[in-house]
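Counting from 65, one number per residue, gives the positions in the sequence shown under our numbering.
Backbone N, C-alpha and C define an ideal beta-carbon position, used for all residues, glycine too.
Heads up, the thing below is written out as structure tokens.
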Amino acid sequence: MSKGDHVFNNVVAKVNGAFEAGFIAYARDKLESGSAGSAPLGTLIQSRAARDDWMRRCMPRTWHLLTTFREDVALKDLRESLQTATYLGEDANNDIYSLHAREFQDAVVRLFTRIARTRSYFNEGELTPDITRVRKAFFHMTHVAEDPGALQRLLEQLQANARERAKVEAAVQIVRARLESAWGACERLFRTASAELLRLPRG
65 MSKGDHVFNN
75 VVAKVNGAFE
85 AGFIAYARDK
95 LESGSAGSAP
105 LGTLIQSRAA
115 RDDWMRRCMP
125 RTWHLLTTFR
135 EDVALKDLRE
145 SLQTATYLGE
155 DANNDIYSLH
165 AREFQDAVVR
175 LFTRIARTRS
185 YFNEGELTPD
195 ITRVRKAFFH
205 MTHVAEDPGA
215 LQRLLEQLQA
225 NARERAKVEA
235 AVQIVRARLE
245 SAWGACERLF
255 RTASAELLRL
265 PRG
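Okay, here's the thing in structure tokens:
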């Protein structure tokens, strides 16, 4: 299939981008405050490969959850397959989705920055409002991730092929259901990241 409009926006990319932005904000804040500890923070800010390697070693549970989310079949492969034959570029990246995606990233950056500024006496439970804010922002983003116009065009393309149309309709339902339940995976990811970051040496 040629590249066309996707029925669903790429939520996985938004989560990955928000996590990257949050982690970089964490490292930059630590570096600027002189609380570098043993982590090569300058390198972590500049290099994606260095960040990934550091997370594998220092935040293994977070790394596992993030990798699992990145490889989610419904949100990755099925979503990618649901696209129209031609590109119109109308609804898939509409203003409301972009707004909620930005709010989600801002909430993640705020969470990671707060963690960077904590001290050893900090109670992990105090981050609950920040994590809740991330979860709600994620929910709002996924709630508007579907492009009704692209779906309508895709189904119209398959009007003469009942079998393929049925497959697409089933795939759409799977992705919708996954988007509705993905907030749980999102919350686990950022709650786990918070816990592992808080357990790092404060330096």
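So for Q147, helix, strand or coil by DSSP? To locate residue 147, count along the sequence shown from 1; it is residue 83. It is a strand residue.
Could you name the residues of the same chain whose beta carbon sits closer than 7 Å to that of K78, not counting the 5 residues immediately before and after it, in chain order? Reading the sequence shown from its first residue, position 14 is the one you call residue 78. Here the set comprises A165, F168, M205.
Going residue by residue through the segment 176-251, where are the continuous alpha helix (DSSP H) segments of at least 4 residues, counting only ones entirely within it? 192-207, 212-221
Taking contact to mean at least 3 C-beta pairs separated by less than 8 Å, is the segment 111-122 in contact with the segment 174-192? no
Span of the alpha helix (DSSP H), counted from its first residue to its last, around N73: For the purposes of this step, residue 73 is identified with residue 9 of the sequence shown, where counting begins at 1. Counting along the chain, N73 falls outside any alpha helix (DSSP H), and DSSP gives it neither H nor E.
R197 beta carbon less than 7 Å from that of A180: For this step, residue 180 is matched to residue 116 along the sequence shown. For this step, residue 197 is matched to residue 133 along the sequence shown. Result no, Cβ atoms of A180 and R197 do not sit closer than 7 Å.
Do G82 and R242 have their C-beta atoms closer together than 7 Å? Residue numbering aside, residue 82 sits at position 18 when the sequence shown is read from its first letter. Residue numbering aside, residue 242 sits at position 178 when the sequence shown is read from its first letter. Looking at the sequence shown, residue 82 is not Gly but Ala. No, the pair does not count as a contact, with Cβ atoms beyond the cut-off.
Skipping 5 residues on each side, what residues in its chain have a beta carbon closer than 6 Å to that of S102? Residue 102 sits at position 38 when you count from the first residue of the sequence shown. Bear in mind that the predicted position of S102 carries a pLDDT of just 48, short of 50, making it unreliable; the figure below should be weighed with that in mind. Closer than 6 Å at the Cβ level, and outside the excluded window around S102, lies no residue.
Do L222 and E228 have their CB atoms nearer than 7 Å? One-based indexing of the sequence shown puts residue 222 at position 158. One-based indexing of the sequence shown puts residue 228 at position 164. It is a contact, given that the beta carbons lie within the stated cut-off.
Between L130, L142, T177, which lies nearest to S97 when the distance is taken from Cα to Cα? Residue 97 sits at position 33 when you count from the first residue of the sequence shown. Here the closest residue by C-alpha is T177.
Using 10 angstroms around the beta-carbon of A257, count the other beta-carbons present and answer buried if the total reaches 16, otherwise exposed. Here residue 257 corresponds to residue number 193 of the sequence shown, with the count starting at 1. A257 is buried by the Cβ-count criterion.
Secondary structure at R263, three-state DSSP: helix, strand or coil? The residue you call residue 263 lines up with position 199 of the sequence shown. DSSP places R263 in coil when its eight states are reduced to three.
If A249 sits next to F72, beta carbons under 8 Å apart, how far is it from one beta carbon to the other, in whole angstroms? Position 185 of the sequence shown, counted from the start, is the residue given in the question as residue 249. Position 8 of the sequence shown, counted from the start, is the residue given in the question as residue 72. That belief does not hold up - the Cβ atoms of A249 and F72 are roughly 16 Å apart, past 8 Å.
Close-in-space but distant-in-sequence residues of the same chain around L142 (CB under 7 Å, 5 per side omitted): Position 78 of the sequence shown, counted from the first residue, corresponds to residue 142. So the qualifying residues of the chain are A235, I238, V239.
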